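Asks: Protein chains in written order, with the working numbering: chain S, 184 to 621; chain W, 84 to 405.
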Amino acid sequence: MMHRTWLWARSSLLLTLTVTVVLGLLVPARSQDVVTLRFSNWHLVETVWGRSLREAINIFESRNPGIRISPEPISYAEKEPRYQIECAARRMPDVVKLHNFSLTLFFELGCAADLTSFIQREGPGFLKTWYDTPMQIMTHKGKIMAMPGDFMSMVVIYNRDLFKAAGLDPDKPPKNWTEFLEYARRLTRDTDGDGRVDQWGFSMPASKNPGLPLRILPVVFSFGADFLTPDGRSSAMDSREFREAFTYIVELATVHRVVPPGVTTFGPGDVRTQMASRRVAMKIGSGWSYPIINDLNPSLKAAETLEAAPVPVGRKQTTVAWLSGWIMSPHTRNPDAAWKFIKFLSSKDIEKKFFEDNRVISSRRDVNTLPLVRTDKFSRVIVSQLSQARLEPLIKEWPEIFDAFATALQEAITGAKTSERALADAHARVNAILARPR
Amino acid sequence: MPASTRSWRARAEVKAGDPLSPGPRPHPSTAIRVLGFSLRDRHSGYVFIAPAILLLVAVLAYPALRSLRLSLAHPGPGPGGVTLLQYGELLGSGLFRQVVRNTALFVVASVALHVALGLGIALLLNRPLYGRTAFRVLALLPWVVPDVVAGIIWKWILNPLYGVLNEGLFRLHVIAAPVEWLTAPTLVLPSVILANVWRGFPFVMIIFLAGLQSIPAELYEAAAIDGAGTVQRFRHVTLPGLRKIFVVALALDTIWEVRRFGLIQAMTGGGPGTLSEVLSTQVFKQYFQFFKFEYASAMAIAMTGLLLVVSLPYVRMIVREE
């Protein structure tokens, strides 16, 4: 009898221990009063942006003592894969930032919470100040799935000192692609007389990186070309305009040699470093270019040395727009706090702060009409081009379609294939991608 | 009674009269107690390996089965059920064939050079040498460097503008224009292999060094007495003594090189074009960049099949020894 009682006692002890351990693992500890939000953003790894975001977080936490923000830095290229995995595991950070072409995918995967009810609660007119284009992109199947972040056009960033040294008027940037090539030729020089070229007219990040479309599409679009037919069902990369744009980009490296060697390995950071070290005179960039370059080399005095100009005109005057959005995890345990944080990040005073710190342009009209923004020499150009700017195609297949183009570009630049062969192969690959069941 | 138990008993009986013997081991059927519960020896083994098995099932078997199921699923909207569509697309894909070719070239060249360099340096470090320990530590250093970091280091070394290699060659008047190590179609794969050889040879070297130290010195002495020269001693004593080590080194290194990702991704990202694209970089792209989950899974399953074939000699050797 005694033995049986002892056995029961031991079994109960063992069961209690097991249940405690399992529950302890499954149920996270919760503080009574403070809610913690996980916040992930690639800008957190950048010096200038990272500082600005951390300051914003401090402001938010001081205004909302019941909410603590736990920042989770991530690299620009890693964010989509990681968020997807975390979303599948229902562990995605509560608030994340994405750029426009990833948004559609995340909406379709069910990895973004519907913000419509939160916005409705803010009352009528809440969305009035945002531009229409960003709001359309944030809307999926009639529901608002994200709040717009920065909204900028891509422009040419150039070094006025290098223009002067090459005998070019720094107040007259190239207006068309013929002039652009002429300028780039004159800016490609041997500055120290050792017989080696050490300064190039132009540079672009031609490795396969998420920043490449933003630098290539302005050229393609301004040549009057497009990647897809208007119905979006086939490749338009066999058009005369597309071939001209492609050949122009390739020959900058292969025939005219106005870009540094090894261009197919460059990422955006490499190009910024080249500009910061005065090795490159022109690049395609946007609002973020000046503060990052200034941080890389303060002695360049980027605020005075660098200038912004519209993308040269080909058949059309156009460029590409950069747009980002704040999304809430559909699995967040604290949706009200997460909305509060998103509303804060897209508020007028914080968007103004982001402009002051990072020179990024807002999706809000009330920020872009501030004298501070209207008089800034970079933002003046960037805002002026927004009306002409187009967005990258918002289809799930876009990353793969652009990879086909980037592969062709690299093959043509490195001589692995002729330009014609490379482009024809890319055209066929894009058609095969679009032929799949969608 | 199982044979193992019989032989153990025989040993125990022999030791029974030996005063230095630790005494008879517990009877195999003797119970051990865990939290008051008794377990027989033959069962307790399973209990102890259970956590490891559970972990393997959770992190290996389950994802592998999920991948297999995904690779057999219809992509996008369409009929449910099982399909070999993705495998058919793999076989028909020119890019996949090129990726397999690149992988084979990368793996064969890397493993061959790892073995050659690893064995050569192991032979040198096995000899009496002043500062031998320091040299051994130095030779191990590349193995300590993480994959991605090694890729970034080599990307900088080979940078046509700022890289030390081009600068050195300029100063020596070997080249007049920058060599584009990572963008020239004929140089990119050899450059990546070079970086990978630097990164991976220490592992093979350590295995060979351990193997060399396990060959009895008496064998070399006997061979020397018989008049064998250096080459003959290497051929008839060292090489046969390292036979098993060779299999282990070849199998493990091949498996690792087929899976190599960080170094290639950091150095070239598979470019220019697809010239340095290998299976691991393609699986990553197809899954995480192009969101072709079913196709990427089929590719990963094909890669796993290849790895299983590669690991067969190693597994066979282990089974034989068991």
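All C-beta atoms in this analysis are idealised placements derived from N, C-alpha and C, irrespective of residue type, glycine included. Treat the numbers as computed from the prediction; the structure is a model and nothing was measured.
Is the CB of S:K391 under 8 Å away from at least one CB in chain W?
Replies: S:K391 counts as touching chain W.
Asks: Quick check: what's the CA-CA separation for S:A504 versus W:Q369?
Replies: Answer to the nearest angstrom: the Cα atoms are 26 Å apart.
Asks: What do you reckon, are the CB atoms on W:E263 and S:P388 nearer than 8 Å?
Replies: Contact: no.
Asks: What in chain W is Cβ-close to S:E263, meaning under 8 Å?
Replies: Per Cβ cutoff of 8 Å: F371 and Q372.
Asks: Below 8 Å on the Cβ atoms is my contact criterion, and I expect S:P499 with S:S422 to pass it. Report the Cβ-Cβ distance as a whole number of Å.
Replies: For clarity, residue 499 of chain S is Lys in the given sequence; the question names Pro instead. Not confirmed; about 14 Å, so no contact.
Asks: Which residues in chain S have a C-beta closer than 7 Å to the C-beta of W:A267? List them in chain order.
Replies: In chain order: T597.
Asks: Can you confirm whether W:G352, when its beta carbon is compared against all beta carbons of chain S, has any partner nearer than 8 Å?
Replies: Yes, W:G352 counts as interfacial toward chain S.
Asks: Excluding sequence positions up to five away, which residues of its chain have a Cβ less than 6 Å from the Cβ of S:F243?
Replies: Around S:F243: F527.
Asks: Since S:A591 and W:P355 should fall inside the 8 Å C-beta cutoff, what is the C-beta to C-beta distance between them, to a whole number of angstroms?
Replies: That pair is no contact at about 11 Å.
Asks: Among S:K560, S:D277, S:L553 and S:R516, which has the Cα closest to the Cα of S:R493?
Replies: One detail in the question is off: residue 493 of chain S reads as Pro in this sequence, not Arg. Among S:K560, S:D277, S:L553 and S:R516, the Cα nearest to that of S:P493 is on S:K560.
Asks: Given S:D612, which residues of its chain have a CB within under 7 Å of its CB, disregarding the five upstream and five downstream residues?
Replies: Checking the sequence, you will find Arg at residue 612 of chain S rather than Asp. Within the same chain, S:R612 has close Cβ partners A587.
Asks: Sorted by chain position, which residues of the same chain lie with C-beta nearer than 7 Å to W:V194's C-beta, five sequence neighbours on each side aside?
Replies: These residues qualify, in order along the chain: L333, D336, T337 and E340.
Asks: What is the C-beta distance between S:L606 and S:M420, in whole angstroms, given that I count them as a contact (C-beta under 8 Å)?
Replies: Right, their Cβ atoms sit about 6 Å apart.
Asks: At 4 residues or longer, and completely inside the segment 414-454 of chain S: list those alpha helix (DSSP H) runs for me, N to C.
Replies: For the segment 414-454 of chain S, whole alpha helix (DSSP H) runs of length 4 or above, ordered along the chain, are 423-437.
Asks: When the distance is taken between beta carbons, is S:A520 closer than 8 Å to S:L236?
Replies: Result no, Cβ atoms of S:L236 and S:A520 do not sit closer than 8 Å.
Asks: Assuming W:F284 and W:G201 are in contact, meaning their beta carbons sit under 8 Å apart, how far apart are those beta carbons, in whole angstroms?
Replies: At roughly 5 Å, the Cβ-Cβ gap stays under 8 Å, so W:F284 and W:G201 are in contact.
Asks: Using only alpha-carbon positions, find the residue among W:R282, W:L244 and W:T266 that is nearest to W:L221.
Replies: For the residues W:R282, W:L244 and W:T266, the minimum Cα distance to W:L221 belongs to W:R282.
Asks: Just to confirm the assignment, what range does the alpha helix (DSSP H) spanning S:K262 have?
Replies: Residues K262 to A271.
Asks: Give me the chain W residues within the contact set of S:P353, using Cβ-Cβ distance strictly less than 9 Å, ordered along the chain.
Replies: Neighbours of S:P353 on chain W: none; closest Cβ ~25 Å, over 9 Å.
Asks: Here's a check: name, in chain order, each residue in its chain whose Cβ is nearer than 7 Å to the Cβ of W:M288, leaving out the five neighbours to either side.
Replies: Correct list, in chain order: G201, I204, A205 and A222.
Asks: Report the residues of the segment 429-448 of chain S with a CB closer than 7 Å to any CB of chain C, ordered along the chain.
Replies: Structure shown: chain C not included; protein chains present are S and W.
Asks: Just to confirm the assignment: which complete alpha helix (DSSP H) runs, minimum length 4, are found wholly within the segment 246-327 of chain S?
Replies: DSSP runs (the alpha helix (DSSP H)) wholly in the segment 246-327 of chain S: 262-271, 283-291, 299-304 and 315-321.
Asks: Could you name the residues of the segment 253-266 of chain W whose beta carbon sits closer than 7 Å to any beta carbon of chain S, in the order they occur along the chain?
Replies: The segment 253-266 of chain W vs chain S, Cβ under 7 Å: P261, E263, L265 and T266.
Asks: Measure from the alpha carbon of S:S602 to the alpha carbon of each residue in S:Q571, S:S530, S:F425 and S:W232, then state which is nearest.
Replies: When only C-alpha atoms are compared, the closest one is S:F425.
Asks: Could one say the Cβ of S:T590 lies closer than 8 Å to chain W's Cβ atoms, at least one of them?
Replies: Chain W contact via Cβ: present.
Asks: Our contact map puts W:L188 next to W:L272 with C-beta atoms below 8 Å; I'd like the distance itself, whole angstroms only.
Replies: Rounded, the Cβ-Cβ distance is 6 Å, consistent with contact.
Asks: For a test of the three-state rule: what should DSSP assign to S:D519, helix, strand or coil?
Replies: Helix.
Asks: At a Cβ threshold of 8 Å, is S:Q593 touching chain W?
Replies: It does; some Cβ of chain W falls within 8 Å.
Asks: Which same chain residues, not among the five before or five after S:Y314, have their C-beta less than 7 Å away from its C-beta?
Replies: So the list reads F334, S546 and R548, once near-sequence residues are dropped.
Asks: Taking 7 Å as the limit between beta carbons, can you name the residues of its chain near W:F329, skipping five residues before and five after?
Replies: Cβ neighbours of W:F329 beyond the five flanking positions: none.
Asks: Let's see if you can read the secondary structure: which residues bound the alpha helix (DSSP H) around W:E304?
Replies: Where W:E304 is concerned, the enclosing alpha helix (DSSP H) stretches over A300 to I308.
Asks: What distance in whole Å lies between the Cβ atoms of S:N359 and S:P495, which are believed to be in contact at a cut-off of 8 Å?
Replies: Correct: roughly 5 Å between the Cβ atoms.
Asks: Which partner residues does S:G468 have in the DSSP bridge list?
Replies: According to DSSP, which records beta bridges pairwise, S:G468 is partnered with S:V338.
Asks: Using 8 Å as the limit for Cβ to Cβ distance, is S:D375 near chain W?
Replies: So no, S:D375 is outside the interface.
Asks: Taking the continuous alpha helix (DSSP H) assigned at W:R149, which residues delimit it?
Replies: Unbroken alpha helix (DSSP H) run through W:R149: Y145 to S154.
Asks: Since S:Q382 sits in a beta bridge, which residues does DSSP pair it with?
Replies: Answer by DSSP bridge pairing, in chain order: S:R372.
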